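In my numbering, the protein residues as written are 6 to 229.
Cβ coordinates follow ideal geometry from the N, Cα and C atoms, glycine included.
Computed from a prediction, not measured in an experiment: that's the story for all the values here.
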Ligand code: DX5
Ligand code: ZN
């Protein structure tokens, strides 16, 4: 099963574990799953490309073994090539890299796909979608960051809905949105063409079962 390849035109919710209680990660994922989540968004931060520092392939492997949901690793780090093989071995379903940190994007995406893992490009708010033109055949999805990478709980940047719209005009790939996604902003992104809604603080600020369910319902309510 390929998560992105089999997505079709569905709208899907994905908890970002960044805002979860890391001491109870499997339970936190289970609760979001009970709320309808179909993917786990796993934020990797290196205290270099972004100020924050999170978790790596070892924790990814533990989580892969603790859930039946596919894990999507979002590498917010410099030199992601150095960890890609470890994430593949850990059993993640997809990996996105930030083209802003990658010297040879074609090679990096090929490395991800050679491991049988789906590949994504995650764009910071000021990166133009056109930069991906020649990478498109090597991508399974595009991630639009609607905050600056590094932290949960930041304010949604509204122009990112236009960016999603622009990407959907240019390319035929599913779009994942990440940053400031809530019950209120999910419909704006879905109307623009986004299909995978990543939410961290909005899911874990309360009961993840209810909060995940509300975000997915709000997104699906906006899909034409
Ligand atoms: C930010 C991360 C996000 C983060 C989103 O750099 O990529 O996945 O968890 O958090 P919220 O949903 O709180 O904006
Ligand atoms: Zn993320």
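Could you pull the start and end residues of the beta strand (DSSP E) that residue i belongs to?
i: residue 123; result: 123-128
i: residue 20; result: 17-20
i: residue 68; result: Taken as a continuous stretch (DSSP letters only), residue 68 belongs to no beta strand (DSSP E), being part of the alpha helix (DSSP H) at 62-71.
i: residue 197; result: Taken as a continuous stretch (DSSP letters only), residue 197 belongs to no beta strand (DSSP E), being part of the alpha helix (DSSP H) at 191-197.
i: residue 78; result: 76-81
i: residue 152; result: Looking at the DSSP string, residue 152 is not in any beta strand (DSSP E), and its letter there is neither H nor E.
i: residue 183; result: 180-183
Counting only the same chain and skipping the five closest in sequence on each side, list residues whose C-beta sits under 8 Å from that of residue i.
i: residue 122; result: 92, 93, 97, 98, 99 and 100
i: residue 140; result: 104, 110, 111, 114 and 126
i: residue 211; result: none
Compare the beta carbon distance of residue i and residue j with 8 Å and say whether it is the shorter of the two.
i: residue 183; j: residue 40; result: no
i: residue 124; j: residue 137; result: no
i: residue 18; j: residue 202; result: yes
i: residue 134; j: residue 171; result: yes
i: residue 45; j: residue 74; result: yes
i: residue 152; j: residue 161; result: yes
i: residue 20; j: residue 154; result: no
i: residue 209; j: residue 25; result: yes
i: residue 88; j: residue 61; result: yes
i: residue 86; j: residue 116; result: yes
Residue range of the alpha helix (DSSP H) that residue i falls in?
i: residue 215; result: 213-226
i: residue 230; result: The structure shown has nothing for residue 230, since the chain only spans 6 to 229.
i: residue 207; result: 206-209
Tell me which residues share the same chain as residue i and place their Cβ nearer than 7 Å to its Cβ, disregarding the 5 neighbours each side in the sequence.
i: residue 71; result: 31
i: residue 83; result: 51, 53, 54 and 106
i: residue 195; result: 16, 224, 227 and 228
i: residue 23; result: 48, 59, 157 and 205
Quick check: the Cα distance between residue i and residue j, rounded to an integer number of angstroms?
i: residue 114; j: residue 175; result: 20 Å
i: residue 57; j: residue 206; result: 16 Å
i: residue 128; j: residue 227; result: 24 Å
i: residue 8; j: residue 217; result: 19 Å
i: residue 49; j: residue 81; result: 6 Å
i: residue 225; j: residue 192; result: 8 Å
i: residue 165; j: residue 68; result: 30 Å
i: residue 130; j: residue 11; result: 27 Å
i: residue 95; j: residue 63; result: 7 Å
i: residue 37; j: residue 220; result: 11 Å
i: residue 178; j: residue 147; result: 7 Å
i: residue 189; j: residue 197; result: 14 Å
i: residue 28; j: residue 173; result: 38 Å
i: residue 66; j: residue 6; result: 18 Å
i: residue 185; j: residue 167; result: 15 Å
i: residue 163; j: residue 132; result: 15 Å
i: residue 79; j: residue 108; result: 17 Å
Give every residue of the same chain whose Cβ lies closer than 6 Å to the Cβ of residue i, excluding the five residues on either side of it in the sequence, and list them in chain order.
i: residue 187; result: 207
i: residue 158; result: 206
i: residue 118; result: 124
i: residue 34; result: 45 and 72
i: residue 199; result: 169, 180 and 182
i: residue 120; result: 93
Is residue i close to the ligand SAM? I mean its beta-carbon at under 7 Å from any heavy atom of the ligand.
i: residue 200; result: The ligand content of the structure shown is limited to the ligand DX5 and the ligand ZN, which means the ligand SAM is not among them.
Unbroken stretches of the alpha helix (DSSP H), 4 residues or longer, contained in the stretch 88-142
110-119
In chain order, which continuous runs of the alpha helix (DSSP H) of length 4 or greater are located wholly inside the stretch 31-59?
none
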